[in-house]
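> Mind having a look at this structure? Questions to follow.
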DNA sequence: CGGGCTGTTGAGAGCTTTCAAACCCTGTGG
DNA sequence: CCACAGGGTTTGAAAGCTCTCAACAGCCCG
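Residue numbers (the UniProt record's numbering), protein chains in the order written: chain A, 1 to 242; chain B, 1 to 242.
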């Protein structure tokens, strides 16, 4: 039984901008249905188009690019509330793939109706653009991390980022949150080898800054982690939900 | 004397999508004026808002982020036709700074009128979203380069990218084009030290793959460069011009 | 019980950085 | 006309970070 937008649990989270009843109703009409995918499913393929767009309701996934020689670069870690497929919506095809890491529940939208969104709901079109711009901002930060920070700092930065996002979404339980990715995922996100990722992780763990083991992330002191990450202080940004 | 959108030389380039006379007229109304900035001017500051948006008419610039410890990461090399300031348009502030490398001529738009664009010109709003999505795609590719490729490949990839863009814009003269950046800029874009950038550049030059000296980029064989960059074959993407 | 996936560890090789110094060119002032 | 300072580019060499190679432990599953 698909969730009604009106009673969508995500909408109640304070990270997301409030919506008017009219906006909720429109989103409901825009929504085609729901889709549950198993862990490991590739939902969108780089280079291919898609007639569907998604908002993540539950579960975790990865967006990644594959290079001609087979290397993989993780673009982002996908969490509930994320809107997936904007690229295929406005251009012909996707610049990256999207794969479910855990079983996921996705809200499905029809790409062909996107135009009516732009025509009749400029506020929602604006939200869409906002999301794209926010994505650009985040990728800029990621770029700065990969380009300018050493391995340990980079890793601390990423774990801090994931922890902050998890907290916004109510995925945390005190200082811990589930984070069921593999070390190889982290390595491919940070541009490090698996071995070095493992050793860097061990050093952070020994330093007591952060611990990520058995799929559980533990951040005893977010401030200490932020210092290790050489990061600016936290700042919760509210964002639209599609 | 500011250029009239109707006779804007950029619009005539085949890379840019054709516009209807009505769209041209609207863009003209959206345009507030023009601005010429000297080489070295910082036009937009990371973290600050801006009431203005720009489209580059002439000249080259850089978008970059500065980390808390002073390191700099170049986000992109800015060329004519690029739309600058989308982030400050839809969010409060910019996630990066923008600085002119050469003297630049900029088309100036008023951020406060952006909303009318979304309200009354859904096609242009769509174009704006398209640009944001394209930026996201490009940053994803950049991320993959920084994360997964060794220095020489990375550098070849970037020079190839710049050459292709220059060619689309008619900046090339046969196998050469002006590229008046510093080696330090290239280093900060690729996440390499200045010294290593210099040596890598020298090796590419000796290999005859590409030459970039005295502000002039020379690509004797684009195919060979693409192979050195481990890049997919060229593919000109048409894009909207704001 | 064997195979496959994930995580861990040790060690040497290799790529990149940092440190230092020199070179070229240009603009400035004596 | 020459000395000098400053920005950008080159070079050499040593230090350091990260990678690759190899091997092993733990776990789940057929």
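Each residue gets a CB set at the ideal place from its N, CA and C atoms; glycine is no exception.
Please say whether residue 163(A) and residue 222(A) have beta carbons closer to each other than 8 angstroms?
Yes, these two residues count as a Cβ contact at 8 angstroms.
> Which whole-angstrom value is the C-beta distance of residue 78(A) and residue 159(A), which I expect to be below 8 angstroms?
Incorrect: roughly 16 angstroms between the Cβ atoms, too far for contact.
> State the DSSP-derived secondary structure class of residue 92(A), mapped to helix, strand or coil.
Correct three-state label for residue 92(A): coil.
> Using a Cβ cut-off of 8 angstroms, pull out every chain B residue sitting near residue 90(A), in sequence order please.
Under the 8 angstroms cutoff, chain B gives 126, 129, 130, 133.
> Report back the beta-carbon spacing between residue 230(B) and residue 68(A) to the nearest angstrom; my notes put them in contact at under 8 angstroms.
That belief holds up - the Cβ atoms of residue 230(B) and residue 68(A) are roughly 6 angstroms apart, short of 8 angstroms.
> Who are the neighbours of residue 191(A) on chain B, taking C-beta pairs under 7 angstroms?
Here the neighbours are 146, 147, 148.
> Please name the residue, chosen from 88(A), 97(A), 56(A), 52(A), that lies closest to residue 73(A) on a Cα-to-Cα basis.
That would be 97(A), whose Cα lies nearest to the Cα of residue 73(A).
> Is residue 216(B) buried or exposed, if buried means 16 or more other CB atoms sit within 10 Å of its CB?
It is exposed - the Cβ of residue 216(B) has fewer than 16 other Cβ atoms within 10 Å.
> Return the residue from the list 6(A), 1(A), 213(A), 11(A) that minimises the CA-CA distance to residue 252(A).
Outside the displayed range of chain A (1 to 242) lies residue 252(A), so it cannot be described from this structure.
> Tell me, which residues are paired with residue 58(B) by DSSP?
Looking at the DSSP assignment, residue 58(B) forms a beta bridge with 105(B).
> Between which two residues does the alpha helix (DSSP H) carrying residue 199(B) extend?
Unbroken alpha helix (DSSP H) run through residue 199(B): 194-206.
> Classify residue 59(A): buried if its beta carbon has 16 or more other beta carbons within 10 angstroms, exposed otherwise.
When all chains shown are included, residue 59(A) counts as buried.
> Are the C-beta of residue 159(A) and some C-beta of chain B separated by less than 8 angstroms?
Not one chain B Cβ lies under 8 angstroms of residue 159(A).
> Which value, in whole angstroms, describes the spacing of the CA atoms of residue 182(B) and residue 47(B)?
Going from the Cα of residue 182(B) to the Cα of residue 47(B) covers about 25 angstroms.
> Could you tell me if residue 196(B) is buried or exposed, where buried requires 16 or more neighbouring beta carbons within 10 angstroms of its beta carbon?
It counts as exposed.
> Rounded to whole angstroms, what is the Cα-Cα separation between residue 141(B) and residue 56(B)?
For residue 141(B) and residue 56(B), the distance between alpha carbons rounds to 23 angstroms.
> Run down chain B in chain order and give the residues with a C-beta less than 9 angstroms from the C-beta of residue 137(A).
Under the 9 angstroms cutoff, chain B gives 87, 91, 94, 95, 96.
> Note down, in chain order, each residue of its chain lying with its Cβ closer than 8 angstroms to the Cβ of residue 200(B), except the 5 sequence neighbours on either side.
For residue 200(B), where only same-chain residues beyond five positions count, the Cβ hits under 8 angstroms are 151, 152, 155, 192.
> Determine the direct distance from the alpha carbon of residue 100(A) to that of residue 214(B), and round the result to whole angstroms.
Rounded to the nearest angstrom, the two C-alpha atoms are 48 angstroms apart.
> Under a CB-based cut-off of 8 angstroms, is residue 118(A) close to chain B?
At least one chain B Cβ lies under 8 angstroms of residue 118(A).
> Using beta-carbon positions only, say whether residue 88(B) and residue 120(B) come within less than 8 angstroms of one another.
No, the pair does not count as a contact, with Cβ atoms beyond the cut-off.
> Counting only C-beta atoms, is residue 140(A) closer than 8 angstroms to chain B at any point?
So, interface residue.
> Of all Cβ atoms in chain A, is any one closer than 8 angstroms to the Cβ of residue 242(B)?
Not closer than 8 angstroms to any Cβ of chain A, the Cβ of residue 242(B) fails to qualify, so no.
> Let's test the definition: count the other Cβ atoms within 10 Å of the Cβ of residue 7(B) and tell me whether it reaches 16, buried, or not, exposed.
Counting Cβ neighbours within 10 Å, residue 7(B) comes out exposed, since fewer than 16 surround it.
> Answer yes or no: do residue 114(B) and residue 84(B) have a C-beta to C-beta separation smaller than 8 angstroms?
No, Cβ-Cβ distance for residue 114(B) and residue 84(B) is not below 8 angstroms.
> Based on Cα-Cα distance, which residue from 29(A), 14(A), 16(A), 165(A) lies nearest to residue 4(A)?
Among 29(A), 14(A), 16(A), 165(A), the Cα nearest to that of residue 4(A) belongs to 29(A).
> Of the choices 139(A), 136(A), 2(A), whose alpha-carbon is the least far from that of residue 33(A)?
For residue 33(A), the nearest C-alpha among the options comes from 2(A).
> Give the C-beta separation of residue 132(A) and residue 189(B) to the nearest angstrom, bearing in mind that I take them to be a contact with Cβ-Cβ under 8 angstroms.
The pair is not a contact, with the Cβ atoms about 22 angstroms apart (cut-off 8 angstroms).
> Give the straight-line distance between the Cα atoms of residue 76(A) and residue 173(A), rounded to the nearest whole angstrom.
So the alpha carbons of these two residues sit roughly 23 angstroms apart.
> Label residue 232(A) either buried or exposed according to how many other C-beta atoms from any shown protein chain fall within 10 Å of its C-beta, with 16 as the threshold for buried.
By the neighbour-count rule (16 or more Cβ atoms within 10 Å), residue 232(A) is not buried but exposed.
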